[in-house]
Each structure stands twice: as structure tokens, then as C-alpha cells.
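Right, one structure below, let's go through it.
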Amino acid sequence: MTAEAILANTRSLDAADTTRDPQALADRIIDCLVHRIGKDQRAAKPHDWLTAAVLTVRDDVIERWMTSTRATQASGAKRVYYLSLEFLIGRLLRDAIANLGRAEEFDAALKLLGVDLAMIEEIEPDAALGNGGLGRLAACFMESLASLNLPAYGYGIRYVNGMFRQRIDDGWQVELPETWLAHGNPWEFERRESAYIIGFGGEVVGTETGAVEWTPDEKIEAVAVDTPVVGWRGERVNTLRLWTARAFDPIRLDAFNAGDHAGALANQVRAETLVRVLYPADSSPAGHELRLRQEYFFSSASIQDIVRRHVQYGNDIRTLHEKAAIQLNDTHPAVSVAELMRLLVDHHGLGFDEAWDITRKTFGYTNHTLLPEALESWPLPLFERLLPRHMQIVYAINARLLKEARRAPGMDDRAISAISLIDEGGERRIRMANLAFAGSHSVNGVAALHTELMKQTVFADLHRLYPDRINNKTNGITPRRWLQQCNPGLTDLIREAIGDGFLDDASRLADLRPFTEDAAFQERFAAIKRANKAALSQHLREVMGVRLDPDALFDVQVKRIHEYKRQLLNIIETVALYDQIRNHPERDWVPRVKLFAGKAASSYHNAKLIIKLTNDVARKINADPAVHGLLSVAFAPNYNVSLAEKIMPAADLSEQISTAGMEASGTGNMKLALNGALTIGTLDGANIEIRDHVGAKDIVIFGLTADEVAAKRADGYRPSEVIEAHPDLNQAISAIETGVFSPGEPDRYRDLMAGLREHDWFMLAADFPSYAEGQREIDRRWTDPAGWRAATIRNVAGMGWFSSDRTIGEYAHDIWSVR
Ligand code: 26W
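If you use this note's numbering, the sequence shown corresponds to residues 845 to 1663, in order.
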């Protein structure tokens, strides 16, 4: 079939799209239930209905999926490959149905069967194959790639246990395994035929022909498991291909027969271990051998798959970069650079220089953090033992890189050693960021400030050597999940006001501007927010027993718990406010709900202590009649995509208060503003661009700039002086450190508070006064309801630019050169 014929076929398929008749759809759901799940309608449990509904949608998706794939094949178009160790996809049912435009039809069909669609949507497990922002970004990107009709594959690992489930026991975080696959996963297709052998260890020998042969001493099979990704309006369905592991030699019969049953299955266990669990750390790499094995496992499988597809379609290996753009989501897949080199040189017989040229044209690398402790590096002996051939390749790349650097003007020994792929200070280590940088034609940051700081800090010398390589791609979020699906009330209101153009082009949200001062529109906007807050209150009452007043200002900070994100600044200000309300009950206080949520890395002591402190503070404040109705605090357990979908539409105030220069971008900031929250934030990450788009008067900015933070650190910052100069701050810290909130264990927060007084690396004290002032500014604005509503509407109107469609459009044009 020609490309045209396939495209025509795609169209006719759309036209002949499956039923729009609820009764017919209900019949199909029953058919699924009976024939594929094997359940009688009367015996079906909620999970059976969920599975039946998913299988029914999936059937409709499959045909679009196949036509999408065939059309790309026929046109010979370049494909985008997004390699990521994390995909924080969340639930898929609502997303798929909504993107197909069939929400009402499914709702009606299920009603005929006496089943509530919202109920089954709610029991779908939340696929949490990621830690935080980086993983969620990958999921938003997959959705936008399909929505923009770009042929793309996501590659990652199908972890059996994703991000841990968080329980709060007596205020402390407890980590429980997440079992998202407990009821099976009706979305996925295991492709037993798409399997690759992944080698570890062993030896490398030169052959007589001068070629090199690697004989690994351990082999594991990677098997593809595919999930369809439905784009907006069902235009295109792409593939998320997650690798699972299978033992190459599952049972050693010799051992089994000798009675060593466990030993006989050891290979199986080793393979399963590889894909068992997502590393739950989002800042400091674990540095475990298992993590490196995971990284190589999924990189090798993905690169082999990409190369196989290229060759199988009859292409010359030398044209790989014309048909494939591979994006590295941070350095976690950076070993892919060496893996592609290995395949090109050892398997396809290319010369090293030619292979290097193709490799660099194929890869792009995105950096997501400047935190020095987050930069991955592997001890050289470990890397060499596990990947001996890749070690040689890294040395060879490094030799060329350093030769080039030495020839460049103005490169001294310090610069050369900073550029090197090998860190020679102390124990020798391979710098994965340098490998990713050297192996890519494009290196991007995720917000304008972050990209500038990349040039000035971690990559300063590499940037001097390759001044055209670093570029910015400010993050975005998919407006389908983060507005349409999570906030149907607001979506309907916007549609009524400006039509549905904004659904296809989020920048059209700007058409809302004429409505900002419209009293009737404001009323309805506020009523929707009120209803969303009531729904969130109800949910939190069910899950944690708190009562939150929907008429209070909902002030939310939801994100991973990390010292640089400064949840502690928020808590200390809450304590100071508590003190003020108690001392001045006669004043006109704005009733506030302080809502926190987020997970702490299991090994991150201070982050876990901050969770406990939040709960200790909540317990005391919520029980104090003196502030009843004026201030309450809640820590919502188990923050994940599904909980975020409930919180974003219900927030009035978005806390984006990281130490300037430390948050690469942030994407929660975008979700909150898009749903009509005002931001209180520092000039950090994407906050700066949010200010530019919503207007400086409709965001509350406080605190030091990134330059000022750097200057203060260089000057010798003395937090104790700042703290003593601000009695309200001093008192709040004293209260915490003397056990006012932890009477049973008065010393619980001594060290944490001593850290603030002594070094305060995250400059909480320095920013406290302007933060507290910003909060009172928020209070003043809240007491002018019309002004507040206008400001929040202007926020929504200004946020269209932060659609991940815009971001992906820029990647496609500037980095991938795809249409
Ligand atoms: C190897 C350990 C590890 C794991 C994950 C180190 C670092 C990470 C990530 C870089 C953490 C992360 O999620 N970064 C976030 O990426 C988002 C998407 O670009 C940004 O919006 C956030 O600012 C950034 O913190």
C-alpha cells in the first residue's frame, strides 16, 4: 500500500468509527466481560467492570494504533524516541476516553449497566513509574507527541513496583510497596517476539580481522511490553514500550536435578530483580550496581530495537540520524551513547569516526537539575566490570574529546579536566552528564534561567568548547489531563465563553482576557472553584478524616519533599502566623487552609523529619480553639498523579518557593496557575516565565534572585544574625526547637533548627521576611474578591503557552527536525 492509500484508509476508519450508540457500546462491554474476563454480569466486581471498560476502549484504540504505525512506515518519516527511566503516567481510562471524545457515550453505556463510570475510573491503579517532575514530564510529552501527530516511541522499564505508596503513621512517613499490577494490566501487550539479549560482564577480545568481540558472562532477555498512548481527538496512537526482563536460561536443570532448587532458579530471580523496583530517589543517585544494570538494560534494549527497526525497513545504517531522533531524559539513559557506538562499530562495521558522527547527530540530551549531588557518575571499576566494551568506547570517545579541547583556544588544564568524561579527583568515576553532552548535538535545559545557569555552572567548559549546543526548552504540561479532564467545570465555562478552539490550541486561552472583569463570568468562575474545593474537602475527609472549610483560602504546596523546595519555610511561616493570630485575635484574619503533600526519599532523613514536623504542627494548630476557623493545616498522604488531579483544580494559592537557582523548572506551578491559583514564588525555574506570561501584578514574587543567592553564599552568609533581627522568625524557630510541637520528644527538631541557625544552606532565613510580607499581600488581595477573581482569570488566560504541545513543537523543530 502506498502512503496515500494508508492515510486514506486512516480517514475512512475515523469516519466509520465504532458506535456512538450507548446501548451498542453497553453490549460490547458485556461481551468483553463475558468472553474475555469470563464473568457473568451479576457476578462482576468493580474491577471486572473496569477491565471490561478498558478492553472495550482498547479495542477501538488498536485500529488507530495500527494505522498510525503503518502510515509512519509507509511515509518513511523520522521517528522520535524518548528514553526515560521514569514515566509517571497515572491513570489511563479517563485520558483515553476523553481524548477519543467519548466520555458521555461511555458514561451513558455504563449507566445502562448500572455501573458508575466515575467509580471505576477511581479504582484504576495509578501507574507511578516515576518519582516526580521528570517522570511526569515524560508522560505529558508522550501525550503531546501523539496529539501533535508525531510518530514517537517512549522507552522505559516496566517496574513491577513503582513509586512506593506513602502512609502516614503517627505523623511519620511509612513506605509501602506499590502493587499497581495486582489485578493485571489490561492496557498492555507483551511482545514476546520483540526480545533482545542484554549482556553484562565478561571479556573483550580483538579478532584477527581487527574487529572486537565482547563475550558477556551474563545474559538477560529484555521483552517489550507496549501500551498505546492516545493523542487528543484520537488523531494518533503512539507506543510506550516498557521493557521487562526474562532469564535467558530460566532454569538450570543440572542444579535442579541435584536438588538445588533455589540455585536452579537463580537466573530467573536475577532477571526479575532487574525490573522489580523503581529507585525512589529524585536527587542523589543511589550509586548501586543494580541501578547501573537497570540503566544499561533499558538503554541497550531500546537502542537495539531502534537500530533493528531502521535496518528492517531497508535503510542503510549510515542514515540512522535521518530516521531516528533519540532524546535522553536526563543522564539515566546516557550509556545509550556508548551502546549505539558499540552497535555501529562492532556489529555494523562502521569506522569509529563515522559512527561518532552518526551518534552525535542522533542523540539529544535534556538536563533536569543542577544540584551537584544529583549528577550521576559511576565508579570506573564498577563500570568496567559490568560493561567492559563500553568502557573501551568511553576511553576512545574521551581521547577524541580531549584532543579537540586541547586544540581549542583558552583551554587550560582545569578546563580540560572539567570536560573529561572521567573524574580523576579521588576515586575515578565516569561522568554521565559529560558523556551525554559529548554524544549529543543538542543539550537543553528546561526553563530559561536553568539553561543560563547550565552555561555558567556545570557545563561552563563544555559550553565554551561547543557554544551552539546548549539550548532552552521551557517545560509544559498537557492541558488535556491538567485542565480538561481534571477540571471539567472550568473547561465547560471556558468553552461557553470563548468556544472550543482552546482545546486544540491552548494559546487561545488568551481569548479569556475580555472576561476578566465581567461580574457574571467571575461569579461562575468562583462557583466552580468553590465546588472543586468542596470536592477535595470531601475526599480528604474520607481518606484522612480532616475537615477543611471550602470557604477558606486553600494554600497548597504539593511536590516532592526536599530542602531546596523549602516546605520548611512554609511551615515556619505557618507557625509565625499561628502565633500572630493568637496574639492578635481582634484582627481581620483571612481564613486559610495550609495543604501539603509529597513523598520523601526513603533515605532522606531531613525530608522525612519535615513531614513529621508538618504533622506535628497540624495536630497542635488544628486542636487550638483560638485559631479555629482561621487556620488549619493538613498533610495529605500518598501524593500521586491522581491526587494531584484533585488538588490542582481546588487550589487558591500555589507555593513555588524554592531557593532561587535550584528548581530547574517546576511543572506543578504550571498546573496550579492553569487551574486558577495565584502563585507566591521566588524568581526560580519557570516561575520567571510564568510571571512574564500572566503579568507581574498577578503573581506575588519574593526573595533573593539566583544571582543574589550566589553572591550571599560567596560573601559568607550568617543566618543567625538574620534570625535574631526578626523576632517573629526567631520565635517560630525557637518554638519548634524547644518542643512546643513535639512535647513528647522536645529535642525532635533541635538539629533541624540548629542547621538553620548555623548554615541555612537553602537561605530560608534570608527570604523569610519578604515571604511573610508576600503572604500578607495575598491576604489583602483575598479580601477583595473581585480583584482576586480577575487576577486568577488572567492567570488562566496567560497560561496557554505552558502547554506541552508548545514545548514539543519546539523540540520537534529545533532538536529533532521532525515535522
Ligand atoms: C539519579 C537520581 C536522580 C533521579 C532523578 C537525580 C535526579 C533526578 C531528577 C532530575 C529529578 C527531577 O524530577 N527533576 C525535575 O525535573 C522536572 C522536569 O524537568 C523539573 O520541572 C523540576 O524542576 C526538576 O526538579
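Beta carbons are placed, not taken as given, at the ideal position from N, Cα and C, and that holds for glycine.
>> Classify residue 1239: buried if its beta carbon has 16 or more other beta carbons within 10 angstroms, exposed otherwise.
In response: One-based indexing of the sequence shown puts residue 1239 at position 395. It is exposed - the Cβ of residue 1239 has fewer than 16 other Cβ atoms within 10 Å.
>> So, does the segment 1144 to 1153 touch the segment 1106 to 1117, judging by three or more C-beta pairs under 8 angstroms?
In response: no
> Can you list, in chain order, the residues of its chain whose CB lies under 6 angstroms from that of residue 1184, leaving out five sequence neighbours each side?
Replying inline: The count along the sequence shown starts at 1 and reaches residue 1184 at position 340. So the qualifying residues of the chain are 1147, 1203.
>> Let me check you understand the geometry: is the CB of residue 1290 closer than 7 angstroms to at least one non-hydrogen atom of the ligand 26W?
In response: Position 446 of the sequence shown, counted from the start, is the residue given in the question as residue 1290. Yes.
> Nearest-angstrom Cα distance between residue 1584 and residue 1578?
Replying inline: Within the sequence shown, numbered from 1, the residue matching residue 1584 stands at position 740. Within the sequence shown, numbered from 1, the residue matching residue 1578 stands at position 734. Going by the C-alpha atoms only, they are around 9 angstroms apart.
> Leaving out five residues before and five after residue 1260 in sequence, what residues of the same chain have Cβ atoms less than 7 angstroms from its Cβ?
Replying inline: Position 416 of the sequence shown, counted from the first residue, corresponds to residue 1260. So the qualifying residues of the chain are 1246, 1249, 1250.
>> Let's see if you can read the secondary structure: which residues bound the alpha helix (DSSP H) around residue 1204?
In response: As a position in the sequence shown, residue 1204 is number 360, starting the count at 1. It spans 1196 to 1206 - the alpha helix (DSSP H) in which residue 1204 sits, taken as one unbroken run.
>> Considering only heavy atoms of the ligand 26W, does any lie closer than 7 angstroms to the CB of residue 904?
In response: As a working note, residue 904 is residue 60 in the sequence shown. Checking the Cβ of residue 904 against the ligand 26W gives no.
>> Just checking residue 1129 against the ligand 26W - is the residue's beta carbon closer than 7 angstroms to any of the ligand's heavy atoms?
In response: Taking the sequence shown and counting its residues from 1, one reaches residue 1129 at position 285. Yes, since a heavy atom of the ligand 26W falls inside the 7 angstroms radius drawn around the Cβ of residue 1129.
> Who pairs with residue 999 in a beta bridge, going by DSSP?
Replying inline: Translated into the one-based positions of the sequence shown, residue 999 becomes position 155. Looking at the DSSP assignment, residue 999 forms a beta bridge with 927, 1085.
> If you check the beta carbons only, do residue 1646 and residue 1321 fall under 8 angstroms apart?
Replying inline: Counting from one through the sequence shown, the residue named residue 1646 turns up at place 802. Counting from one through the sequence shown, the residue named residue 1321 turns up at place 477. Contact: yes.
> Under three-state DSSP, which class holds residue 1147?
Replying inline: Along the sequence shown, read from residue 1 onward, the residue named residue 1147 stands at position 303. Note: residue 1147 maps to helix in three-state DSSP.
> Does DSSP put residue 1584 in a helix, in a strand, or in coil?
Replying inline: Reading the sequence shown from its first residue, position 740 is the one you call residue 1584. Coil.
> Within 10 angstroms of its Cβ, does residue 1427 collect 16 or more other Cβ (buried), or is it exposed?
Replying inline: By one-based count along the sequence shown, residue 1427 stands at place 583. Under this definition residue 1427 is an exposed residue.
> When DSSP labels each residue in this structure, what does residue 1332 get in the three-state scheme?
Replying inline: On the sequence shown, residue 1332 is found 488 positions in, with the first residue counted as 1. In the structure shown, residue 1332 sits in a helix (DSSP, three-state: H, G or I).
>> Classify residue 968: buried if its beta carbon has 16 or more other beta carbons within 10 angstroms, exposed otherwise.
In response: Counted from its first residue, the sequence shown places residue 968 at position 124. That one is buried.
> Taking buried to mean at least 16 other C-beta atoms within 10 Å of its own C-beta, is residue 1132 buried or exposed?
Replying inline: As a working note, residue 1132 is residue 288 in the sequence shown. The residue is exposed, with fewer than 16 neighbouring Cβ atoms inside 10 Å.
> If you count every other CB in all the chains shown that lies within 10 Å of the CB of residue 1016, and 16 or more means buried, which is it?
Replying inline: As a position in the sequence shown, residue 1016 is number 172, starting the count at 1. Exposed, because fewer than 16 other Cβ atoms sit within 10 Å of the Cβ of residue 1016.
> Can you list, in chain order, the residues of its chain whose CB lies under 6 angstroms from that of residue 1021, leaving out five sequence neighbours each side?
Replying inline: Sequence index remark: in the sequence shown, residue 1021 carries index 177 (1-based). Excluding sequence neighbours, residue 1021 sits near 1005.
> Does the Cβ of residue 1000 have 16 or more other Cβ atoms within 10 Å, making it buried, or fewer, making it exposed?
Replying inline: Mapped onto the sequence shown, residue 1000 falls at position 156. Label assigned to residue 1000: buried.
> Is residue 1218 near the ligand 26W, judged by its Cβ being under 7 angstroms from some heavy atom?
Replying inline: By one-based count along the sequence shown, residue 1218 stands at place 374. Yes, the ligand 26W has a heavy atom inside 7 angstroms of this Cβ.
> How should residue 1661 be labelled, buried or exposed, when 16 other C-beta atoms within 10 angstroms of its C-beta is the threshold for buried?
Replying inline: As a position in the sequence shown, residue 1661 is number 817, starting the count at 1. Residue 1661 is exposed by the Cβ-count criterion.
>> What would DSSP say about residue 1640, mapped onto helix, strand or coil?
In response: What you label residue 1640 is simply residue 796 of the sequence shown in a count that begins at 1. In this structure, residue 1640 counts as helix in the three-state DSSP scheme.
> Is residue 1294 closer than 8 angstroms to residue 1529 when the C-beta atoms are compared?
Replying inline: Taking the first residue of the sequence shown as 1, we reach residue 1529 at position 685. Taking the first residue of the sequence shown as 1, we reach residue 1294 at position 450. It is a contact, given that the beta carbons lie within the stated cut-off.
> By how many angstroms is the C-alpha of residue 1077 removed from the C-alpha of residue 991?
Replying inline: Counting from 1 along the sequence shown, the entry for residue 991 is found at position 147. Counting from 1 along the sequence shown, the entry for residue 1077 is found at position 233. Distance between the alpha carbons of residue 991 and residue 1077: 8 angstroms.
>> Going by C-alpha to C-alpha distance, which of 1603, 873, 1174, 1580 sits closest to residue 1559?
In response: If you number the sequence shown from 1, residue 1559 lands on position 715. That would be 1603, whose Cα lies nearest to the Cα of residue 1559.
>> Quick check: what's the CA-CA separation for residue 1516 versus residue 976?
In response: One-based indexing of the sequence shown puts residue 1516 at position 672. One-based indexing of the sequence shown puts residue 976 at position 132. So the two alpha carbons sit approximately 16 angstroms from each other.
>> Our contact map puts residue 1502 next to residue 1546 with C-beta atoms below 8 angstroms; I'd like the distance itself, whole angstroms only.
In response: For the purposes of this step, residue 1502 is identified with residue 658 of the sequence shown, where counting begins at 1. For the purposes of this step, residue 1546 is identified with residue 702 of the sequence shown, where counting begins at 1. At roughly 12 angstroms, the Cβ-Cβ gap does not stay under 8 angstroms, so residue 1502 and residue 1546 are not in contact.
> CB of residue 1174 to nearest heavy atom of the ligand 26W: below 7 angstroms?
Replying inline: Position 330 of the sequence shown, counted from the start, is the residue given in the question as residue 1174. Yes; taking the cut-off as 7 angstroms, the Cβ of residue 1174 has a heavy atom of the ligand 26W nearer than that.
> Between 1552, 1550, 1548, 1522, which lies nearest to residue 1542 when the distance is taken from Cα to Cα?
Replying inline: The sequence position of residue 1542 within the sequence shown is 698, counting from 1. Considering only alpha carbons, the answer is 1522.
>> Extract the residue ranges of the alpha helix (DSSP H) inside the segment 1506 to 1568, only unbroken runs of 4 or more that lie entirely within it.
In response: 1512 to 1518, 1531 to 1538, 1550 to 1559
>> Suppose you measure from the CA of residue 1636 to the CA of residue 1429; what does that come to, to the nearest Å?
In response: On the sequence shown, residue 1636 is found 792 positions in, with the first residue counted as 1. On the sequence shown, residue 1429 is found 585 positions in, with the first residue counted as 1. Taking the straight line joining both Cα atoms gives about 29 angstroms.
>> With a threshold of 8 angstroms on Cβ separation, who are the neighbours of residue 1651 within its own chain once the five nearest residues in sequence on each side are excluded?
In response: For the purposes of this step, residue 1651 is identified with residue 807 of the sequence shown, where counting begins at 1. Result list for residue 1651: 985, 988, 1317, 1318, 1319, 1320, in chain order.
> Alpha carbon to alpha carbon, how far is residue 1411 from residue 1632?
Replying inline: The residue given as residue 1411 occupies position 567 in the sequence shown. The residue given as residue 1632 occupies position 788 in the sequence shown. Going from the Cα of residue 1411 to the Cα of residue 1632 covers about 25 angstroms.
>> So for residue 1247, helix, strand or coil by DSSP?
In response: Here residue 1247 refers to the residue found at position 403 when the sequence shown is read from its first residue. Three-state DSSP puts residue 1247 in a helix.
>> Applying the 10 Å Cβ sphere with the 16-neighbour rule, what's the burial state of residue 1622?
In response: Taking the sequence shown and counting its residues from 1, one reaches residue 1622 at position 778. Counting Cβ neighbours within 10 Å, residue 1622 comes out buried, since at least 16 surround it.
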